[in-house]
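Per my numbering, the sequence shown runs over residues 44 to 206. Reading through the structure tokens given below for one structure.
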Amino acid sequence: MPEFPQGNKLPEGVACDLARAFIQYDAALLVRTCISPEIYGTGPVRKQYEGFLKEIQRQMPLEKAKKTPSPGGPKQILRVFAVRSLSRNGPASYGYAVMGFKDVRFVDVEVLLHSGKRAVNRTLVIQLGDNTWRVHPAPALSQMLSTGLNEEKPSTVLYSPKK
């Protein structure tokens, strides 16, 4: 089985870590991998995002305890595609100007589901001011950051570690 990137130094690493968090039912990895709710200040979107994260964390041990995993849950990572910029420059500009991000991109991760089917998870990845990367697991909460994300063509270039 191939080694896939991990950690927050690479956009592909955090995208794989998000998949691993669901595969391993690891709520701590989920939290370390995701963008902090603080990016939304104190408004209602922050409350929505915090609720989203808390619900996933609540569900993980319940899912892990099942005798038969949910068919739609990921079982393993199959392929990771190279990070890509969004076709529209609005999300990266917004992330830089309003939220202080260095970059906003996406990574497609293909997983094998417990049902035996394959699925591609399109993951919004954000580079912070300290050059580390995080994922935004609920990009629909921020239209300005995710404009055009789901209209992008399928990725074709596989991730390849730099030698």
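Ideal placement from N, C-alpha and C gives every residue a C-beta, glycine not left out.
Measuring alpha carbon to alpha carbon, tell me which of the options ends up nearest residue i.
i: Thr76; options: Lys160, Gln49, Lys97 and Pro182; result: Gln49
i: Pro204; options: Val123, Pro117, Pro87 and Asp69; result: Val123
i: Gly143; options: Glu195, Ile78 and Leu53; result: Ile78
i: Leu167; options: Phe65, Asn174 and Ala135; result: Ala135
i: Asp69; options: Gly138, Lys97, Tyr92 and Pro87; result: Lys97
In the structure shown, what three-state DSSP assignment does residue i receive?
i: Ser128; result: strand
i: Arg63; result: helix
i: Pro80; result: helix
i: Pro184; result: It should be pointed out that residue 184 corresponds to Leu in this sequence rather than to Pro. Leu184: helix per DSSP, three-state reduction.
i: Val141; result: coil
i: Leu192; result: helix
Just the Cα atoms here: how many angstroms apart are residue i and residue j?
i: Ser198; j: Lys109; result: 33 Å
i: Ile82; j: Asn193; result: 22 Å
i: Thr190; j: Glu55; result: 20 Å
With a 10 Å radius around its C-beta and 16 neighbouring C-beta atoms as the bar for buried, classify residue i as buried or exposed.
i: Leu105; result: exposed
i: Pro114; result: exposed
i: Ser185; result: buried
i: Val74; result: exposed
i: Gln170; result: buried
i: Leu188; result: buried
If contact is defined by three or more beta carbon pairs under 8 Å, each pair taking one atom from either stretch, is the region 54-72 in contact with the region 164-183?
yes
Cβ pair count under 8 Å reaching 3, the region 118-133 against the region 148-159:
yes
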